[in-house]
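Peer 1: Pasting a structure below so you can have a look.
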Amino acid sequence: MADERKKEKRALIRALMEAEAEINKTNREKEAADKRIKQIKSSRTYQAAGPAKKFRTGKDGGQEITLLREELDKVKKELEETKEALHLSKLDSRSMNSIKIRHSVREMENDARLLDYIDEAVRQKIKHDENYIDALTYAARLFMNDRDEYREAVYSTLLSGLKIEDIPEFMMREAMTGSLQLKQAASFRAALNMRIRQYQLTGTLPEYVLDDKQTAYAFMDKLAIRRPWTSDQTYKADELPLEPQTVVKPRDGAGARGVYLIHDINDIIDLKRAKALDSKEALIASMKADVESGWVEEDDWMMEELIMEDRENKIPGSDIKFYCFYGEVGLVLEIKRYPELKYCWWTAEGERVHTGKYDNEPFKGAGVTREEIEMAQKISKEIPAPFIRIDFLRSEDGLVFGEFTPKPGNYDEFDAETDQWMGDLFLEAEGRLFRDLMEQKTFDTFEMT
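Read in the UniProt record's numbering, the sequence shown has 375 at position 375, and its numbers run on one by one without any break.
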């Protein structure tokens with residue numbers, strides 16, 4: 001019964017989406033037709049001919065119109081079929097880039113056919129993948145009994161075209177007994193995706209316990225890690241007591257959305273929009289707009305200490321985000337948010353790197369010290385999870401803890417090399433954590449949180 005209700009709900013939602021798309025399409029066509037009529041009526045040809053036009057009617061004229069309508073319907077049908085086939089074929093075109101593909105998909109939405117397009121594209125992709133996997137697997141089998149160096153060369157090439165779940169058992173057997181490396185099979189994106197699936201199945205995971213701000217603060221207090229002071233209660237936007245040198249943020253927010261720096265009553269910075277506000281009224285209006293737009297889920301706000309990197313020049317603390325893998329730091333992301341948004345990636349060894357993410361807004365940041373790296377490593381070793389990101393703010397006298405992030409936003413945007421490298425870090429962290437648990441390591445600080 002529950003499944004039937006879900007199916008019925010999905011069908012109703014789909015019908016609504018299709019109806020709305022069709023309405024939007026019709027409105028656009030009507031606007032275009034109205035515009036064209038105005039153009040025709042204002043043309044010299046129309047005005048010279050006069051507003052009254054006589055058309056041939058009668059039996060022959062009626063038959064002609066009927067035939068034309070039938071031909072028009074036929075052409076329209078062929079056109080739609082051709083357009084759909086064209087849009088789907090574009091996905092396989094070697095000359096198509098992501099911008100062209102997105103434009104093609106957008107055209108389907110404008111034609112009110114996007115849902116049908118998605119269904120067919122998914123079906124074709126599944127079949128497309130099956131065909132390629134079958135071909136590549138068969139090609140691999142042809143070398144099963146060949147010379148070792150030939151077999152390894154072929155298998156290594158094939159691995160770059162196969163996802164971890166697509167690799168046949170005989171190739172995995174080669175990796176277990178031979179020298180074949182599975183570097184291409186590791187994926188940070190896939191690891192986090194599977195971790196989220198674990199969360200769905202089990203109801204919770206250790207890293208998600210710390211996703212709650214107050215729980216995270218209690219945990220860091222036990223580790224004697226500096227954090228901002230926070231208000232004991234939360235407020236509605238209209239009830240917010242405005243205090244200088246504080247930060248106003250959502251109770252359960254993420255990133256810079258809904259975050260406001262209160263330097264003074266008439267000196268307020270909307271951090272996400274990099275916009276100055278000059279009154280409490282402007283602040284409240286902006287907070288309400290955040291809730292109405294969906295940027296912030298609830299009208300439930302807290303206050304905390306304003307951390308400044310340079311208080312005299314009103315420079316807010318830079319974000320320092322450690323990508324931690326149970327006792328090891330993989331990447332460090334440094335972010336300047338004001339007056340403009342800039343990003344800088346570092347390795348734990350202090351080397352600047354490009355990751356495929358935020359590469360359009362790079363800058364040379366200040367980096368982190370070896371002591372700060374070791375602090376992040378020590379904290380992550382107290383959490384029984386293979387990965388968690390630990391976020392800090394840079395103050396005038398050191399790092400101040402901000403929050404834990406078990407699922408970084410847009411973690412799918414790392415380039416292939418970075419994704420594979422961090423996938424290996426995740427797997428190694430799982431191994432270290434498993435060994436520690438087998439040796440009966442206790443996580444007293446975490447368990448007391």
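Backbone N, C-alpha and C fix where the C-beta goes; we use that ideal spot for every residue, glycine too.
Does the region 409-428 come into contact with the region 237-248, if we say contact requires no fewer than three beta-carbon pairs (one atom in each stretch) closer than 8 Å?
Peer 2: No: the two stretches stay apart, fewer than three of their Cβ pairs being nearer than 8 Å.
Peer 1: Per DSSP, what are the beta-bridge partners of Trp345 in this structure?
Peer 2: What you label residue 345 is simply residue 345 of the sequence shown in a count that begins at 1. Leu333, Val353, per the DSSP bridge assignment.
Peer 1: State the Cα-Cα distance for the pair Pro384 and Leu205, rounded to the nearest angstrom.
Peer 2: Mapped onto the sequence shown, residue 384 falls at position 384. Mapped onto the sequence shown, residue 205 falls at position 205. For Pro384 and Leu205, the distance between alpha carbons rounds to 9 Å.
Peer 1: Please identify the residue among Arg141, Asp148, Glu165, Glu152 whose C-alpha is closest to the C-alpha of Glu130.
Peer 2: What you label residue 130 is simply residue 130 of the sequence shown in a count that begins at 1. If we check each option's Cα against that of Glu130, Glu165 comes out closest.
Peer 1: State the Cα-Cα distance for the pair Asp290 and Glu413, rounded to the nearest angstrom.
Peer 2: By one-based count along the sequence shown, residue 290 stands at place 290. By one-based count along the sequence shown, residue 413 stands at place 413. Asp290 and Glu413: Cα-Cα distance of roughly 26 Å.
Peer 1: Only counting runs of 4 or more residues, tell me where the alpha helix (DSSP H) segments fall wholly within the region 278-312, in order along the chain.
Peer 2: Correct list: 280-293.
Peer 1: Can you check which of these residues, Asn360, Val353, Arg226, Thr405, is closest to Met375 by C-alpha distance?
Peer 2: By 1-based counting over the sequence shown, the position of residue 375 is 375. With distances taken between Cα atoms, Met375 lies closest to Arg226.
Peer 1: Helix or strand or just coil, what does DSSP make of Lys127?
Peer 2: Numbered from its first residue, the sequence shown carries residue 127 at position 127. Helix at Lys127.
Peer 1: Cα-Cα, which of Leu341, Glu417, Leu333, Lys342 is closest to Ala348?
Peer 2: As a first step, residue 348 must be located in the sequence shown, where it is residue number 348. The residue with the shortest Cα to Cα distance from Ala348 is Leu333.
Peer 1: For Leu136, which residues from the same chain have a beta carbon less than 7 Å from its beta carbon, with the 5 sequence-adjacent residues on both sides left out?
Peer 2: By one-based count along the sequence shown, residue 136 stands at place 136. Taken in chain order, the residues that qualify are Leu158, Gly161, Leu162.
Peer 1: Within 10 angstroms of its Cβ, does Ile118 collect 16 or more other Cβ (buried), or is it exposed?
Peer 2: Translated into positions along the sequence shown, residue 118 becomes position 118. With fewer than 16 Cβ atoms within 10 Å of its Cβ, Ile118 is classed as exposed.
Peer 1: Please identify the residue among Glu305, Asp397, Ala416, Phe387 whose C-alpha is closest to the C-alpha of Thr405.
Peer 2: In the sequence shown, counting from the first residue as 1, residue 405 sits at position 405. When only C-alpha atoms are compared, the closest one is Phe387.
Peer 1: Answer yes or no: do Ala237 and Trp301 have a C-beta to C-beta separation smaller than 8 Å?
Peer 2: On the sequence shown, residue 237 is found 237 positions in, with the first residue counted as 1. On the sequence shown, residue 301 is found 301 positions in, with the first residue counted as 1. Their beta carbons are under 8 Å apart, which means Ala237 touches Trp301 by this criterion.
Peer 1: Alpha carbon to alpha carbon, what distance is there between Tyr326 and Leu425?
Peer 2: As a working note, residue 425 is residue 425 in the sequence shown. As a working note, residue 326 is residue 326 in the sequence shown. Taking the straight line joining both Cα atoms gives about 9 Å.
Peer 1: Between the beta-carbon of Asp391 and the beta-carbon of Lys321, is there less than 8 Å?
Peer 2: Along the sequence shown, read from residue 1 onward, the residue named residue 391 stands at position 391. Along the sequence shown, read from residue 1 onward, the residue named residue 321 stands at position 321. It is a contact, given that the beta carbons lie within the stated cut-off.
Peer 1: Can you give me the C-alpha to C-alpha distance between Thr369 and Lys336, rounded to a whole angstrom?
Peer 2: In the sequence shown, residue 369 corresponds to position 369, counting from 1. In the sequence shown, residue 336 corresponds to position 336, counting from 1. Computed Cα separation, rounded: 18 Å.
Peer 1: With DSSP collapsed to three states, give me the class of Pro206.
Peer 2: The residue you call residue 206 lines up with position 206 of the sequence shown. Looking at Pro206 - three-state DSSP - the assignment turns out to be helix.
Peer 1: Using three-state DSSP, classify Ala52 as helix, strand or coil.
Peer 2: Here residue 52 is taken as the residue at index 52 of the sequence shown, counted from 1. Bear in mind that the predicted position of Ala52 carries a pLDDT of just 44, short of 50, making it unreliable; the figure below should be weighed with that in mind. The answer is coil: DSSP assigns Ala52 none of H, G, I, E or B.
Peer 1: Note the first and the last residue of the continuous alpha helix (DSSP H) segment covering Lys249.
Peer 2: Residue mapping note: residue 249 aligns to position 249 of the sequence shown, counting from 1. Here Lys249 belongs to no alpha helix (DSSP H); instead the beta strand (DSSP E) covers 246-250.
Peer 1: Any chance you could list the alpha helix (DSSP H) runs of at least 4 consecutive residues sitting entirely within the region 384-438, in chain order?
Peer 2: Listed in chain order, the complete alpha helix (DSSP H) runs (minimum 4 residues) inside the region 384-438 are 416-438.
Peer 1: Judging by CA-CA distance, which residue of Glu328, His354, Asp397 is the nearest neighbour of Arg432?
Peer 2: In the sequence shown, residue 432 corresponds to position 432, counting from 1. When each option's Cα is compared against that of Arg432, the closest is Glu328.
Peer 1: Considering only the alpha carbon of each residue, which of Glu298, Glu120, Glu340, Met303 lies closest to Ser318?
Peer 2: The count along the sequence shown starts at 1 and reaches residue 318 at position 318. Minimum Cα distance to Ser318 is reached at Glu340.
Peer 1: How long is the line joining the alpha carbons of Ser395 and Trp229, rounded to whole angstroms?
Peer 2: Position 395 of the sequence shown, counted from the first residue, corresponds to residue 395. Position 229 of the sequence shown, counted from the first residue, corresponds to residue 229. Distance between the alpha carbons of Ser395 and Trp229: 14 Å.
Peer 1: Could you tell me the distance, in whole angstroms, from the CA atom of Tyr235 to the CA atom of Asp299?
Peer 2: The count along the sequence shown starts at 1 and reaches residue 235 at position 235. The count along the sequence shown starts at 1 and reaches residue 299 at position 299. Going from the Cα of Tyr235 to the Cα of Asp299 covers about 8 Å.
Peer 1: Take Leu427 and list the residues in its own chain whose beta-carbon comes closer than 7 Å to its own, dropping the five residues that flank it on each side.
Peer 2: Here residue 427 corresponds to residue number 427 of the sequence shown, with the count starting at 1. Around Leu427: Ala186.
Peer 1: Mind checking which residues open and close the beta strand (DSSP E) that includes Phe322?
Peer 2: Position 322 of the sequence shown, counted from the first residue, corresponds to residue 322. Looking at the DSSP string, the run of the beta strand (DSSP E) that includes Phe322 is 319-324.
Peer 1: Let's see if you can read the secondary structure: which residues bound the beta strand (DSSP E) around Ile269?
Peer 2: Taking the first residue of the sequence shown as 1, we reach residue 269 at position 269. Note, Ile269: beta strand (DSSP E), 267-270.
Peer 1: Check each candidate in Met308, Arg173, Ser380 and name the one with the smallest Cα separation from Glu400.
Peer 2: Here residue 400 refers to the residue found at position 400 of the sequence shown. Before going further, note that residue 400 is Val rather than Glu in the sequence given. Checking every option, the nearest Cα to that of Val400 belongs to Met308.
Peer 1: Use the C-beta contact count for Gln184: other C-beta atoms within 10 angstroms, 16 or more gives buried, fewer gives exposed.
Peer 2: Numbered from its first residue, the sequence shown carries residue 184 at position 184. Buried, since its Cβ has 16 or more Cβ neighbours within 10 Å.
Peer 1: Taking DSSP as the reference, what is the three-state secondary structure of Ile225?
Peer 2: What you label residue 225 is simply residue 225 of the sequence shown in a count that begins at 1. Three-state result, Ile225: coil.
Peer 1: If you check the beta carbons only, do Glu403 and Phe446 fall under 8 Å apart?
Peer 2: By one-based count along the sequence shown, residue 403 stands at place 403. By one-based count along the sequence shown, residue 446 stands at place 446. No, the pair does not count as a contact, with Cβ atoms beyond the cut-off.
Peer 1: Do Lys222 and Met448 come within 8 Å of each other at the CB atom, strictly closer than that value?
Peer 2: Walking along the sequence shown from the start, residue 448 turns up at place 448. Walking along the sequence shown from the start, residue 222 turns up at place 222. Contact flag set, yes.
Peer 1: Using 8 Å as the threshold, is the C-beta distance between Ile265 and Leu277 below it?
Peer 2: For the purposes of this step, residue 265 is identified with residue 265 of the sequence shown, where counting begins at 1. For the purposes of this step, residue 277 is identified with residue 277 of the sequence shown, where counting begins at 1. Contact: no.
Peer 1: Taking only three categories from DSSP, how would you classify Asp264?
Peer 2: By 1-based counting over the sequence shown, the position of residue 264 is 264. Looking at Asp264 - three-state DSSP - the assignment turns out to be strand.
Peer 1: If you check the beta carbons only, do Cys344 and Lys314 fall under 8 Å apart?
Peer 2: Locating residue 344 in the sequence shown gives position 344, where the first residue counts as 1. Locating residue 314 in the sequence shown gives position 314, where the first residue counts as 1. Not in contact: Cys344 and Lys314 (Cβ atoms no closer than 8 Å).
Peer 1: Would DSSP call Ile373 helix, strand or coil?
Peer 2: Along the sequence shown, read from residue 1 onward, the residue named residue 373 stands at position 373. In this structure, Ile373 counts as helix in the three-state DSSP scheme.
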